[in-house]
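**Q**
Residue numbers (this note's numbering): 114 to 409.
1) Check whether the Cβ atoms of residue 245 and residue 305 sit closer than 8 Å, and answer yes or no.
2) Looking only at its chain, what residues have a beta carbon closer than 8 Å to the beta carbon of residue 345, apart from the 5 residues adjacent to it on each side?
3) Roughly how many whole angstroms lie between the Cα atoms of residue 181 and residue 171?
4) What does the alpha-carbon distance come out to for the pair residue 191 and residue 139?
5) Just grab the DSSP bridge partners of residue 304 for me.
6) Measuring only the C-alpha atoms, how far is residue 326 from residue 377?
7) Considering only the alpha carbon of each residue, which of 187, 134 and 310 lies closest to residue 210?
8) Can you tell me whether residue 300 is buried or exposed, with buried defined as 16 or more other CB within 10 angstroms of its CB?
9) Where does residue 394 fall in DSSP's three states?
10) I want to know whether the segment 237-251 touches the segment 306-317 - three or more CB-CB distances under 8 Å.
11) Measure the C-alpha to C-alpha separation of residue 368 and residue 308 and round it to an integer number of angstroms.
12) Can you list, in chain order, the residues of its chain with a C-beta nearer than 7 Å to that of residue 160? Leave out the 5 residues immediately preceding and following it.
13) Which residues in the same chain as residue 145 place their Cβ atom closer than 6 Å to its Cβ, once the five residues preceding and following it in sequence are excluded?
14) Using the DSSP secondary-structure output, state which residues sit across from residue 353 in a beta bridge.
15) Can the beta-carbon of residue 148 be found less than 8 Å from the beta-carbon of residue 124?
16) Could you check where the alpha helix (DSSP H) with residue 332 kicks off and where it finishes?
17) By DSSP, does residue 115 sit in helix, in strand, or in coil?
Structure representation (structure tokens):
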């Protein structure tokens, strides 16, 4: 509308909130695509770990001949750290939130983001399942808000779900799609619905695989191999669960079960038990696989 701030359709400066598994990956691919990136996380140790992972990923790319030394150096030079949320967001054209999957936390963050960011900045969440509209309820200008759901590991996975909320402006959607394409990703546009497209399908498959383990149908490696060789999945559902984190999968399953009902998304007992035992997958060294005994 006339007189309203225009959403940035050409994005130069990208702020990423959260330096964890997803956040550092988003920061890396944005920097490699030529964006100036600001990374913020209230946990200084998380920032250190995230930067170390970015360097390791880029170093591996150089060793494999997929990244030049010049590109590695340039990407690292484009990443800056911000000590506060306000300073991180002040000059951003796009703010991408990659915080843990807790509605209260995300809403609180975006209250601060909206207060600190330019009125023309695009605001996005990397949530894999939470409602875009529910997060946007705290925003005075929800038209510039959308979901940009990246996949782990971000620097290798091609897909980005661009999630349109009921208030998301067309200009915001177009800018989000263009940004994803500029990163070399393949965006798909989905409506805000529980689990979107990928999580709804992926979690259903993963939970059924867990029930099969629970029932003694086959060992995890055999179930995964069935999907990899029989259906050409690049990775089986149980190994993928270990990479995502069993605690993350449990939280998403609980959310989908609450929203969609029925038995399809009810978490199996084996998942809840393993989370209680601290067997969360790769990050703890054990899930459906023993990661301390394997090459990752």
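Virtual Cβ for every residue (Gly too), placed ideally from N, Cα, C.
**A** Taking the definition as stated:
1) yes
2) none
3) 9 Å
4) 13 Å
5) 277
6) 16 Å
7) 134
8) buried
9) strand
10) yes
11) 9 Å
12) 132, 152, 154 and 194
13) 188
14) According to DSSP, which records beta bridges pairwise, residue 353 is partnered with nothing at all.
15) yes
16) Counting along the chain, residue 332 falls outside any alpha helix (DSSP H), and DSSP gives it neither H nor E.
17) Here the model assigns residue 115 a pLDDT of 41, short of 50, so the residue's position is not dependable, and the following value carries that caveat. Correct three-state label for residue 115: coil.
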